[in-house]
Each structure stands twice: as C-alpha cells, then as structure tokens.
Amino acid sequence: MGLIVPLVLVEAGIFLVLVATGELAVAAAAAGFAVLAVMSVVLVWPLVSGVDSIRSWIVRRSGLPDLEPPGLRRGPLAPQLQSVLHAVSHALDERDTRIVGLARDNDHLLDALTAPVLLVSNESELVRFNGAADRVFGDLRAGQHVSRILRDPGFDGAIAAGLGDGLSSVVEVVVTRDHVDSHLVLDVAPLPAGMGDAALMVVCHDVTGARRTEQMRVDFVANASHEIRSPLTTLIGCIETLQGPARDDADSRARFLAMMEAQGRRMANLVEDLLSLSRIEIREHSQPNGEVTIAPLLCRLASTLHFEADRRSMTIDLDIPESMPAVRGDEDEIEQALYNLIANAIGYGRQGTVVSLAAGVADRPPDHLRVARGRLAWISVTDRGDGIEAHHLPRLTERFYRVDKARSRERGGTGLGLAIVKHILSRHRGELHVASTPGKGSVFTVWLPAVFHENVMKSP
C-alpha cells in the first residue's frame with residue numbers, strides 16, 4: 001500500500017488542476033479519477049505486494065540459504081518476476097555451493113601442508129589451524145589467544161609487529177611437549193584484506209634435526225680433538241722421558257717404547273675410523289646394488305677373529321641356514337660392519353663364553369623397524385657379557401659414545417665402531433637393532449634387504 005497512496009494523491013492533484021483551469025468538467029474529472037484510481041490499485045497493488053514478498057525473501061534467505069523464492073501469482077508482470085526470482089535463486093545457490101566448496105578446499109589444502117600453520121585474528125586469537133599444528137602444539141581450538149599457545153617473548157613481539165605495523169618477522173622458539181623439546185622457526189606474515197577474520201599467518205618450520213646435527217658436529221669436533229690429544233700427550237711425555245732420565249736405561253726405554261707403540265696404534269686406528277666414517281657418509285645416499293652372500297662372509301669373519309677369541313678362551317658358534325639368500329649391498333662395507341660387531345662381542349663378552357652368529361629371513365619384519373617393508377635378511381651377533389643398561393641403548397651408535405670408557409680405551413676402542421655400523425646400514429637401507437639384558441649379555445641384529453632367486457628357498 002505504501003506505493004499506491006502516493007499515486008492516487010498525484011492523480012487527484014492532476015484532476016483538480018484540470019478542473020480549476022476549466023479544461024475538464026467536474027463530473028468528467030470525478031469519473032476519470034475513479035477509473036485511474038481503480039487501475040492503479042489493480043495494476044500496482046500486485047506489483048507492490050510482490051516487491052514486499054521479494055524484500056522479505058531476500059532478508060530471510062541470508063540466514064536460510066535453502067529458502068525457496070516466493071510465489072507471485074497476481075499481476076501482468078508476475079510470470080516475468082517469478083522467472084527472474086528463480087534465476088536469481090539458482091545463481092545464489094551456485095554461489096553458495098562454490099563458497100562452501102572453496103572453504104572445504106582451503107581446509108583440505110591447509111591440512112595437507114606438512115608444516116604447522118596458524119591463522120590469527122586482529123584480536124590475537126586463533127582463527128584456523130591445520131592438523132600438523134595441532135600435533136606440534138596440542139589442544140588447539142578456535143578463539144584461543146595465541147599467548148596461551150606459545151609463551152615466548154620473541155613470538156609475542158612478532159605477533160604485535162604483524163598486527164600493529166604490518167611487519168613480517170622470523171623468530172626461533174623452543175616448544176616442549178611430553179618432556180621433549182622441538183626447535184621451531186616461525187614465519188609470521190600479515191595477510192591482505194578480504195581474508196575473513198584472519199589477519200596473520202604463522203608458518204612453523206621444524207629445525208630440531210638441524211639443531212641436533214649442529215650440536216653433534218660441535219660435540220664430534222670436541223671429542224675428536226680430545227681423542228687425538230690424549231695419545232699425543234702420552235707420546236710427547238714418553239719422548240721427553242727417553243730424551244732425559246731414561247736415555248741410558250734399557251728397561252725404561254723398552255717400557256716407554258711399548259707405550260709409544262700402543263698410543264701410536266690407537267691414533268692410527270682413530271684416524272682410520274674417522275676416514276672410514278667420512279667415506280661412508282659421502283656415499284650414504286647412494287644405495288649399492290651388488291649382491292653379498294652371507295654364509296661364506298660370516299665363515300670368513302669367524303676364521304679371521306678365531307685367534308682373538310682364543311686369547312680370551314672364547315668360541316664362535318655359527319647357525320646359518322643353507323638356503324640363506326644374498327643381500328643387496330657392498331661386500332667390503334657389510335664385512336666391516338659385521339667385523340665391528342663380532343669384535344665387540346669378543347671384547348665385551350666374558351672370558352670362556354660363546355659368541356653366537358646366526359642368520360635368517362623374515363617375511364614380516366618387526367614393527368619397530370623403520371626400513372622398507374618386504375622380506376629382509378637378518379644377521380645376529382650375541383655375546384654373554386655384562387649387558388647394557390636400557391638408558392644407554394638409544395645412544396650406542398653416537399660417535400665417541402662409550403658405556404664403559406675405561407674398558408673401551410683399554411681394549412683400544414675408538415668409540416666409532418657402532419657409528420660406522422649405523423652409517424653402513426643406512427647406506428644399505430638397513431637397520432641395526434640392539435637388545436640387552438644387564439648381567440646376561442646383548443644381541444646386535446642387522447637387518448638388510450634380501451635378494452631372492454628362483455633357486456633360493458625361504459628359510460624356516
């Protein structure tokens with residue numbers, strides 16, 4: 001009715017003017033006015049009613065996307081308006097579908113990123129995050145203030161600079177979860193307008209491995225320097241003694257020369273192990289493609305180390321199936337790895353005990369292995385020694401790590417033997433597993449990809 005009343009008033013005004021000027025008789029004016037008023041109501045009222053219905057539909061549709069457009073059944077323009085409304089409704093439905101699809105795709109893309117990502121609002125509250133971020137920080141939820149996610153002055157400053165001055169920042173933080181520290185580099189960058197509630201993006205890069213590697217290199221240099229300095233100091237002391245008080249003393253000279261020989265051999269072994277480790281590391285990403293037959297290799301090693309075992313009244317026992325397949329690898333490197341393990345078993349086993357060498361094939365390797373799935377060959381070296389405490393096991397393959405430093409140096413160990421084994425197996429896409437019981441001994445098991453031919457049967 002809001003539009004009809006003004007139209008009727010306009011029509012009445014026109015007729016009054018015509019009557020006043022004598023252009024139209026009063027009766028005729030009244031009749032014309034009545035006709036026009038009726039036509040206005042007949043023609044305009046359906047249109048006005050339709051406009052009101054359309055306005056109401058538009059307002060309600062913003063909250064109810066599936067709301068159907070109103071039906072317009074009266075008035076000459078109703079069919080055209082109804083057609084336009086259905087077209088508009090269809091276009092809006094398609095737009096809503098695209099928006100929902102884009103939002104879903106964005107969520108999938110965000111979750112597909114391996115790097116943790118946080119989206120932060122102007123109020124420093126978490127808007128969105130991906131699964132990687134939830135795994136790193138834990139217990140994330142939308143609306144959470146970022147200061148409750150990570151308490152770090154550098155991070156707080158980066159957020160403030162991004163929201164206040166629109167500046168990008170890079171900051172390194174340490175996140176502790178379940179008593180484990182993770183080093184993260186955070187890229188904090190402002191987002192352009194039109195990104196919804198999100199004003200900042202925080203992308204996290206895990207550099208824990210890099211930081212640990214840096215620390216290992218620092219420790220390696222320090223340990224290598226110490227390992228070389230110790231025999232050098234002994235050598236220099238012996239030389240000075242031989243040049244002075246022991247110059248004419250045959251017994252002292254013999255004793256000091258023996259000490260010098262032992263320290264010289266220790267240095268030679270250390271240098272050889274360092275060079276060996278360096279050569280293996282250079283080629284670590286190049287997997288060898290040769291074939292190594294395990295049975296004759298183990299027999300050869302047992303024969304080589306037979307005299308070392310005899311000196312300690314020990315024996316070497318072999319249990320190798322006739323159907324033992326070959327393994328993929330470099331024979332010299334695999335021999336070096338197994339030699340180190342067997343020599344350790346002889347050196348750390350109790351006198352008069354047995355060192356057991358066994359081999360076989362596993363169709364289903366244990367779940368704890370990180371090597372590729374498939375049939376693997378295994379070679380185990382078992383000693384009957386004092387065993388190793390559980391807290392030492394994760395660090396056994398670190399360079400220069402020793403469980404018993406005095407005993408290791410006494411038997412001429414460099415502290416690099418198991419590190420060499422680890423890197424050799426890494427190059428061969430294999431793995432070393434250690435199990436030990438204090439007071440009873442240890443089992444070192446090597447896992448390597450097996451090579452099967454038609455004439456080679458699987459071991460039981």
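Note that the sequence shown covers residues 1 to 460 in this note's numbering. For glycine and all other residues, C-beta sits at the position ideal for the given N, C-alpha and C.
Per DSSP, the unbroken beta strand (DSSP E) holding T382 starts and ends at 376 to 383. L118 has its alpha-carbon roughly 55 Å from the corresponding atom of L298.
Here R128 is bridged, per DSSP, to L119. Closest option to S276, judged by alpha-carbon separation, among A337, A358, D152, L140: A337.
When DSSP assignments are scanned along the stretch 292 to 378, the uninterrupted stretches of beta strand (DSSP E) that are 3 or more residues long and fall wholly within it turn out to be 315 to 319, 326 to 328, 354 to 362.
F256: not part of any beta strand (DSSP E); member of the alpha helix (DSSP H) spanning 250 to 282, first to last residue. Here the alpha carbon of V421 sits roughly 7 Å from the alpha carbon of N340. DSSP, reduced to helix, strand and coil, places G237 within a helical segment of the structure shown. In the displayed model, A133 falls within a helix according to three-state DSSP. One Cα belongs to V292, the other to G131, and the distance between them is close to 44 Å. With a cutoff of 7 Å on beta-carbon distance, L448 and V327 are scored as near each other. Under the 10 Å beta carbon count, L257 is surrounded by fewer than 16 other beta carbons and is classified as exposed. As a beta-bridge residue in DSSP terms, H205 pairs with V185. DSSP, reduced to helix, strand and coil, places P192 outside both helices and strands of the structure shown, so it counts as coil.
Per the coordinates, the alpha-carbon of A419 lies some 8 Å from the alpha-carbon of L396. N269 and C204 have their alpha carbons spaced roughly 44 Å apart. Across the set G162, G347, I149, I320, the C-alpha of G162 shows the shortest separation from the C-alpha of A189.
Shown here, V146 sits in a helix according to DSSP, grouped into three states. The beta carbon of C238 sits closer than 7 Å to the beta carbons of F256, M259, M260 from its chain, once the five residues preceding and following it are set aside; these are given in chain order. When C-alpha distances from V136 are compared across F155, S147, D181, the shortest belongs to D181. With respect to L416, D273 sits close: the two C-beta atoms are nearer than 7 Å. With a beta-carbon spacing of about 11 Å, V202 and V185 fall beyond the 8 Å limit used to define contacts.
Counting every other CB atom within 10 Å of its CB across the protein chains shown gives I236 a total below 16, marking it as exposed. Sequence-distant Cβ neighbours of T414 in its own chain, meaning closer than 6 Å and more than five residues away, are N269, L270, D273. Of all alpha-carbon atoms in L393, R266, S426, L369, the one lying nearest the alpha-carbon of H226 is that of R266. Excluding five sequence positions before and after Q351, the CB atoms of its chain that fall closer than 8 Å to its own CB belong to R312, S313, M314, given in chain order. Annotation for H433: the continuous beta strand (DSSP E) segment containing it runs 431 to 437.
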